[in-house]
Amino acid sequence: MTKKQTVANKKWQEKNKEHAKYLSDRSRARSFIRNLATLDDIEEFREMLQIREEELKLKATLE
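Have a look at this one:
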């Protein structure tokens, strides 16, 4: 990566802190699931995802 690209990336991250954090968190979650998660972890995540999906659907119907 060139110095200009590095500077541009840092500038973007400073300007978009919340979105940059979201992308970083999502990347870490995917990496954990792909590389480290156990069967117990995956079952727990399935339950959590089901609850989260229901919450988001309910929220969407109320808006």
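Numbering (our numbering) for the sequence shown: 4 to 66. Heads up, the beta-carbon is just placed ideally off N, CA and C, and yes, glycines get one too.
Item to check | DSSP-derived helix/strand/coil call for residue 40 | outcome: coil
Checklist entry - Apart from the five residues just before and just after residue 61, which ones in its own chain have a Cβ nearer than 8 angstroms to its Cβ? => result none
Item to check | Sequence-distant residues of the same chain with beta carbon closer than 8 angstroms to residue 23, five excluded per side | outcome: 15, 16
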